[in-house]
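With numbering that gives the first Met the number 0 as the guide, the letters of the sequence shown map in order to residues 0 to 474.
No residue lacks a Cβ here, since even glycine has one placed at the ideal position from N, Cα and C.
Predicted, not measured: the structure shown is a model, and the values here were computed from it.
Read through the structure below, which is laid out as structure tokens, and then see the notes.
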Amino acid sequence: MEIFHIGAECYPVAKVGGLADVVGALPKYQNNSEHIVRVVIPHYDTAFIKENKFDCVHSGFVKLGNFNFPFTVQKEKKDNLGFELYLVEIPDLFDRKDIYGYEDDIERFLSFQIATLDWISTRNEVPDIINCHDHHTGLIPFMMLYANKYEKLRKTPTVITIHNSIYQGQFGFNKLYYLPDFDLSKVNFLEWNDKINSLASAIKCASAVTTVSPNYLNEINNSAYGLESLFNLARHKSKGILNGIDLEVWNPKTDKMLSTNYSTRNFEKGKQVNKEKLCYQFDLDPTKPLFSFIGRLLEEKGADLLPHIAALALSENFKQINFLFLGSGNTEIENQLSHLLASFKGNYNFFIGYNEELAHQIYAASDFLLMPSRIEPCGLNQMYAMHYGTIPIVRRTGGLKDTVIDIGDNGNGICHDQASIVDVCFSIQRAVNLYKDKKSLNKIRRKGMNTDHSWESVSLEYIEIYNLTIIKNEI
Ligand code: ADP
């Protein structure tokens, strides 16, 4: 079958978080002799795009209300990523450094969706399935069903994959005229709480809804930033599918970003070499357990707790542990984490920003990875950590609950129930005790490294959903 994945991010082309990892990996594992997989994202000003060659396969004008933006569709020449990559270039809107965070994000992503459908609907072939990712592509199912100019795509089933339901792409009805002409009697398929809500519209219109873990699907039926009742209504066509990890990118045996590679056979030594290098770089003591955090510094991730956790744990433990944090986001959290540098020199360090290479090195060098998330639809960090022999310390929520079982229950990590300073510090104390018992520590590390989180079987679950939607559409 011919499958389109449409999203805002795709690793290694453009990445902010886990969405990119999924859109860069799932298609690769679906692309085989049976399926042709094409990925479409906007053309940003990123290093990958500058360094690779593209052919222009389509050009046109995207109409957004009274505006007309010229656009082209560029195909990456060599299919270097293991699937066909297409970039929609709309110079005024997307040739910018950052992926999100602009005042005109609604206009940007709506133009992207319209340009993508303009192009797809002018091709000779009609795709078998369109898999949209998150709210940035959430109006595609509606437009395919009801916009006059996409008549040709009416019968193509759509899947919306929800990576995070906090972000919904809402805007006022004063911008309704941005949409291409459509059957006005269907306007209710756009609406949620008196606004146009891209994610809600996708849930209403898509043939199937997937979330990135089974437990997250359960959670959003109770609490989903106002969309819970809609998720309940869509339950019959929804499925939670746990993300995989791309072992071509995340593999301690082959990872070129590490100081030394290692496997389950020599991980103790391999991790120590990586730890010594990183500790030297960040002025930490490699004989002490290293606790790390990697991620967006937001309340959603429990990142507001980190400064307090570090301060409390370092005084309680009389400096017997190290912390290394990597991330950026909320300025107040960034400032609080920076302020700790002076007080806990030698035991604490913090790198503000986004750094892919450093992230790989931290997964390899750390003993424990903190994830005190309030919300975690799937979470990839805990899976990367385990695969690199690092033990995750997680709050039982979303996909963390699906993937991490407490060592007290013969599991692979340390779990707590509350996103609170006390709960996390208690877990850190348990980790310090575990660290002293090398035999148990290594047993759990080995268990994590041996857990199968590969995309192979996961990608088949998506194909199964596609097949079901195609059959339903034919009936
Ligand atoms: P989310 O998508 O909610 O941010 P995930 O756990 O699904 O969280 O995925 C996070 C991805 O982003 C991982 O690949 C992680 O290593 C990466 N990441 C997050 N913050 C940073 C950072 N500051 N530098 C490098 N990589 C980061």
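Judged by beta-carbon spacing, V158 lies within the 9 angstroms limit of T468, meaning their Cβ atoms are closer than that value. Taking Q335 as the centre and dropping the five residues before and after it, the same chain places the C-beta of P306 closer than 6 angstroms to its C-beta, in chain order.
Judged by the Cβ position, N214 fails to qualify as a neighbour of the ligand ADP at the 8 angstroms threshold, every heavy atom of the ligand being at least this far. By the criterion of a C-beta distance shorter than 6 angstroms, F266 is surrounded in its chain by G388, once the five residues flanking it on both sides are discounted. For R444, the uninterrupted alpha helix (DSSP H) run begins and ends at 437-449, by DSSP. Rounded to whole angstroms, the separation of the alpha carbons of K400 and P391 is 12 angstroms. Cβ contact annotation for N329 (same chain, cutoff 8 angstroms, sequence separation greater than five): L296, L297, E298, A302, D303, in chain order. About 25 angstroms separates the Cβ atoms of G81 and N163, ruling out a contact at the 8 angstroms cut-off. With a cutoff of 9 angstroms on beta-carbon distance, S237 and K471 are scored as not near each other. Judged by DSSP in its simplified three-state form, G412 adopts strand.
H452 and G239 have their alpha carbons spaced roughly 15 angstroms apart. No heavy atom of the ligand ADP is found nearer than 8 angstroms to the CB of K76. Pairing C377 with V211 gives a Cβ-Cβ distance under 9 angstroms.
Every beta strand (DSSP E) stretch that sits fully inside the region 53-137 and reaches 3 residues is listed by chain position as 53-63, 66-75, 83-88, 128-132.
Distance from the CA atom of I404 to the CA atom of L152, rounded to whole angstroms, is 44 angstroms. Buried is the label assigned to F70, since at least 16 other Cβ atoms lie within 10 Å of its Cβ. Per DSSP, the unbroken beta strand (DSSP E) holding N321 starts and ends at 321-328. Within 8 angstroms of the C-beta of A341 there is not a single heavy atom belonging to the ligand ADP. If you draw a 10 Å sphere on the C-beta of L183, you find fewer than 16 other C-beta atoms in it, and that means exposed. Taking all protein chains shown into account, N130 has 16 or more neighbouring C-beta atoms within 10 Å of its C-beta and is therefore buried.
Note: M370 is bridge-paired with V393 in the DSSP secondary-structure output. No Cβ-Cβ contact shorter than 9 angstroms links L92 with F53.
In the DSSP assignment, S291 is bridged to L323, L368.
When secondary structure is reduced to three states using DSSP, K255 falls in the coil class, being assigned neither helix nor strand.
Look at the beta carbons and you see the region 335-345 not touching the region 410-424: under three pairs across the two are nearer than 8 angstroms. If you draw a 10 Å sphere on the C-beta of Y224, you find fewer than 16 other C-beta atoms in it, and that means exposed.
In this structure, DSSP gives A207 an extended state, which the three-state scheme calls strand.
Secondary-structure assignment with DSSP links H4 through a beta bridge to V38, N130. Short note on R373: C-beta not closer than 8 angstroms to any heavy atom of the ligand ADP. In this structure, the straight-line span from the alpha carbon of M370 to that of E150 is close to 46 angstroms. Taking 8 angstroms as the cut-off, the C-beta of D254 does not count as close to any heavy atom of the ligand ADP. Annotation for S222: no alpha helix (DSSP H) segment contains it, and DSSP assigns it neither H nor E. Boundaries of the alpha helix (DSSP H) harbouring K27: 17-29, taken from the DSSP string. Nearest in C-alpha terms to F281, of all of N346, H42, H235, is N346.
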